[in-house]
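In what follows, a structure is listed as structure tokens, so that the remarks can point back to it.
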Amino acid sequence: MTDSLNVALGARSYDIKIGPGLLAQAGALALPYLQQKRVFVLTDENVAALHLDTLRAGFAASGVTMQSLALPAGEKTKGWPGLERAVEWLIKQRVERSDIVVAFGGGVIGDLAGFAAAVLRRGVDFIQIPTSLLAQVDSSVGGKTGINSVLGKNLIGAFHQPKLVLADTDVLGTLPPREFISGYGEVVKYGLLGDASFFEWLEANGPEMAVGNEARRIHAIRRSCEMKADIVARDEKEHGDRALLNLGHTFGHALEAATGYSARLLHGEGVAIGCALAFELSMRLGLCPQEDPSRVRAHLAKMGMKKDVSDIEGDLPDADGLTALMGQDKKVSDGKIAFILAHGIGKAFVEKQVDMGMVKAVLEDALKGIK
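The sequence shown begins at 1 in this note's numbering and counts up one residue at a time.
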């Protein structure tokens, strides 16, 4: 039942494999990329407790030895101290430039391990084995790696493409429900930014996917990866179309920063709320049909997702404070904040000349809902 697609980047092209039981096949699938029968795995403590033995057995079945380091779970790990610990561990393991680092975890581990591989010995190859829905559909694909600064998210990093991505759908069954649904924020983003028919499919099939329908999950992951792979192949370093993948992120990253990158707001939840706000802004600017923002929020509600700023627990900065946080976003150019807006569902575009007064008005209205 394994599905496969290719990210077309010439000599740096790589395959994404999607389906159940891939951890058990990890050794066989990784062998073509190994000069020595050994790998070095960076993971987090939660994933290690659930799946590390299965992965170790999968490598051992093909005679591949595995050394591993489990870092604390959570966004706080994705900073300088976490990166230093990972890189120093890899050096102590005597990792050579011809070796393979394996990123085994969600988006935090994928970003951090990929960046560690990028800077170690000026570049070591790595394989992504994403264990969350968010990582399987988005962060494991495309080569963006990095860590957070105290001033903003993902401000330190490098483009470093993996050699292979293995998305084992079995591991999704062990995710806490909130973690799985958070990842759905990145899935729905793809329909909203460039494929209205995929959004319609999600409206019809999303709830089944959420409760465990494997065929639905594989289709949703494949279509998301397919759309990202196509955009990355056209614009690897984000000089044009790749910016569309940031739909919902300008608002979402500001909200994440405002909540201290804590459990108050998971990344996919921020993206979902951000997508709703982007469509609200688009509608108020006269760019998309009036019913689109309501349709987006209705689907998020049907999926049990956060959809409004008022769904975030606790205090938040005012509209001025949130726009100031947006000013630290890595998508700022010439002092202007780039927004991903939409002419309708499936019709996103980049806009660098947005009326910030309108942005503040949208945020002010959104903040009024907080009790």
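Heads up, the beta-carbon is just placed ideally off N, CA and C, and yes, glycines get one too. Note that this is a predicted model, so its numbers are computed, not measured.
Legend entry - Boundaries of the beta strand (DSSP E) in which A158 is found, first to last residue: 152-159
Legend entry - Candidates Q67, L245, A263: closest to K92 by CA position: The candidate whose alpha carbon is nearest that of K92 is Q67.
Legend entry - V232 and R222 closer than 8 Å at C-beta: no
Inset, instruction - Reducing DSSP to helix, strand and coil, say where A276 ends up. - result: helix
Legend entry - As assigned by DSSP and simplified to three states, the class of N205: helix
Legend entry - Member of H239, A278, R234, N148 whose CA lies at the smallest distance from the CA of G252: A278
Legend entry - M303 versus P177 - alpha carbon distance: 11 Å
Legend entry - Host beta strand (DSSP E) of I337 (start-end): Segment: none, I337 is in no beta strand (DSSP E) and carries neither H nor E.
Inset, instruction - Determine, using beta carbons only, whether L23 and S62 come nearer to each other than 8 Å. - result: no
Legend entry - Simplified DSSP assignment, three categories, for P360: It is Lys, not Pro, that sits at residue 360 in the sequence shown. K360 falls in the helix class under three-state DSSP.
Inset, instruction - Tell whether a beta-carbon distance below 8 Å holds between M358 and L285. - result: In this structure, L285 lies closer than 8 Å to M358 by Cβ.
Inset, instruction - Return helix, strand or coil for S70, following the three-state DSSP convention. - result: According to the sequence shown, residue 70 is Ala rather than Ser. Three-state DSSP puts A70 in a strand.
Inset, instruction - Name, in chain order, the residues that DSSP records as bridge partners for S4. - result: K17
Inset, instruction - Please classify P162: is it buried, with 16 or more other beta-carbons within 10 angstroms of its beta-carbon, or exposed? - result: buried
Inset, instruction - Return the CA-CA distance between V332 and A338, expressed in angstroms with no decimal places. - result: 6 Å
Legend entry - Reference A361; option with closest CA among G123, G344, G110, A319: A319
Inset, instruction - Assign T43 to one of two classes, buried (16 or more other C-beta atoms within 10 Å of its C-beta) or exposed (fewer than that). - result: T43 should be labelled buried.
Inset, instruction - Pick helix, strand or coil for K38, following the three-state DSSP scheme. - result: Note that residue 38 is Arg in the sequence shown here, rather than Lys. Strand at R38.
Inset, instruction - Would you give the residue range spanned by the beta strand (DSSP E) that L166 belongs to? - result: 164-168
Inset, instruction - Express the C-alpha separation of E256 and K78 in angstroms, rounding to a whole number. - result: 14 Å
Inset, instruction - Ignore the nearest five residues each way along the sequence and tell me which others in E351's own chain have a CB closer than 6 Å to its CB. - result: F339, L341
Inset, instruction - Let me know the secondary structure DSSP gives G286 once reduced to three states. - result: Under the three-state reduction of DSSP output, G286 falls in the coil class, being neither helix nor strand.
Legend entry - Within 8 Å, strictly: CB atoms of L192 and L247: yes
Legend entry - For G321, the three-state DSSP class (helix, strand or coil): helix
Legend entry - Spatially closest choice to W80 from S149, L133, A113, Q36, by CA coordinates: S149
Legend entry - A26 and I129 closer than 8 Å at C-beta: Going by C-beta atoms, A26 is nearer than 8 Å to I129.
Inset, instruction - Have a look at F199 and S98 and give me their C-alpha separation to the nearest angstrom. - result: When the Cα atoms are used, F199 and S98 turn out to be separated by approximately 42 Å.
Inset, instruction - Please list, in chain order, all residues of the same chain as E380 whose beta carbon is under 6 Å from its beta carbon, the five residues on each side excluded. - result: Outside the modelled stretch of the chain, which goes from 1 to 371, sits residue 380, for which no answer is possible.
Inset, instruction - Go ahead and pull the three-state DSSP assignment for N246. - result: N246 falls in the helix class under three-state DSSP.
Inset, instruction - Return helix, strand or coil for P130, following the three-state DSSP convention. - result: strand
Inset, instruction - Classify T43 as helix, strand or coil using the three-state DSSP reduction. - result: DSSP places T43 in strand when its eight states are reduced to three.
Inset, instruction - Could you tell me which residues DSSP puts in a beta bridge with D125? - result: Note: D125 sits in a beta bridge opposite I100.
Inset, instruction - List the endpoints of the continuous alpha helix (DSSP H) containing S224. - result: 214-234
Inset, instruction - May I have the straight-line CA-CA distance separating G105 from I18, to the nearest angstrom? - result: 15 Å
Inset, instruction - Tell me whether G63 sits in a helix, a strand or coil according to DSSP, three-state version. - result: Three-state result, G63: coil.
Legend entry - Among E280, G268, A366, nearest to L133 - alpha-carbon criterion: G268
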